[in-house]
Structure formats: C-alpha cells, structure tokens
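Asks: Before we start, here is the structure in question, set down as structure tokens.
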Amino acid sequence: MAVLIAVTGALTQVGSAVIARHRAQAAADLAALAAATQIAAGPESACAGAAVVARSMDTTVTDCAVDGLEVIVEVQAVAGLGEWRFGPARAAARGGPVPLP
194 MAVLIAVTGA
204 LTQVGSAVIA
214 RHRAQAAADL
224 AALAAATQIA
234 AGPESACAGA
244 AVVARSMDTT
254 VTDCAVDGLE
264 VIVEVQAVAG
274 LGEWRFGPAR
284 AAARGGPVPL
294 P
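Per the numbering used here, the sequence shown starts with residue 194, numbered consecutively.
Take a look at the structure:
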C-alpha cells in the first residue's frame with residue numbers, strides 16, 4: 194500500500210511539472226503576441242505589456258528583447274505541488290511579422 198501511495202505521489206508531481214511547462218509556454222506565446230502589438234509604442238511599452246500578460250497567467254517574464262519589429266519573451270512558472278517544488282518551468286516565444294522566404 195505504501196508503494197502505491199509513493200508512486201501516486203510521484204506521478205502527481207511529474208504531472209504538475211508537465212502542466213507548469215505547458216502553462217509557461219502558453220504564457221510565453223501570449224506575452225510575445227501582446228508585446229508585438231505594443232512595439233510601435235517602444236520597447237519598454239512592449240515588454241510592459243508582456244509582463245502584464247505573463248503575470249495574469251501566474252508566470253514571470255525573465256527576459257524581453259525587442260529587435261526591430263520582433264520581440265522574444267522568456268517566462269518562467271513554478272513547478273511542483275505543496276512543499277515539493279521542482280526548479281522553474283521555462284519557455285520562450287517570438288512575436289512579430291512572419292519572415293518572408
């Protein structure tokens with residue numbers, strides 16, 4: 194019985210880590226799109242918009258770089274449940290115009 198409880202707990206932790214990674218990627222994607230819509234107002238405004246979106250998804254922006262009409266946003270989210278935490282789940286996304294072939 195103890196083994197079953199331990200395995201269930203371990204699988205729950207792994208599942209929460211996977212969920213955190215997916216949440217981080219979704220937040221990075223949306224934050225990059227939000228930043229891309231604000232590029233005309235300047236890099237500070239673009240990165241501020243990305244931070245607002247990331248915060249609303251319980252993640253934090255760790256890096257935001259604007260290069261012309263392109264922005265790259267990196268975010269991180271807490272992974273793990275309760276007292277057992279893994280390192281942060283990290284993700285990055287690019288927002289901007291589609292490059293022409």
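We put the beta carbon where it would ideally sit given N, CA and C, even for glycine.
The structure displayed is predicted, hence computed values, not measured ones.
Give me the DSSP bridge partner(s) of residue 288.
Replies: Its beta-bridge partners are 264.
Asks: Enumerate in chain order the residues of its own chain whose CB-to-CB distance from residue 221 is below 6 angstroms, with the five nearest sequence positions on each side excluded.
Replies: Closer than 6 angstroms at Cβ, skipping near neighbours: 266, 268, 284, 285 and 286.
Asks: If I follow the unbroken alpha helix (DSSP H) through residue 218, where does it start and stop?
Replies: Start and end: 195-230.
Asks: Determine contact between the segment 205-223 and the segment 238-258, defined as no fewer than three beta-carbon pairs at a distance below 8 angstroms.
Replies: Enough Cβ pairs lie closer than 8 angstroms, so yes.
Asks: Taking the alpha helix (DSSP H) that residue 236 belongs to, which residues open and close that run?
Replies: From DSSP, the alpha helix (DSSP H) with residue 236 extends over 236-249.
Asks: What is the C-beta distance between residue 224 and residue 243, in whole angstroms, given that I count them as a contact (C-beta under 8 angstroms)?
Replies: At roughly 4 angstroms, the Cβ-Cβ gap stays under 8 angstroms, so residue 224 and residue 243 are in contact.
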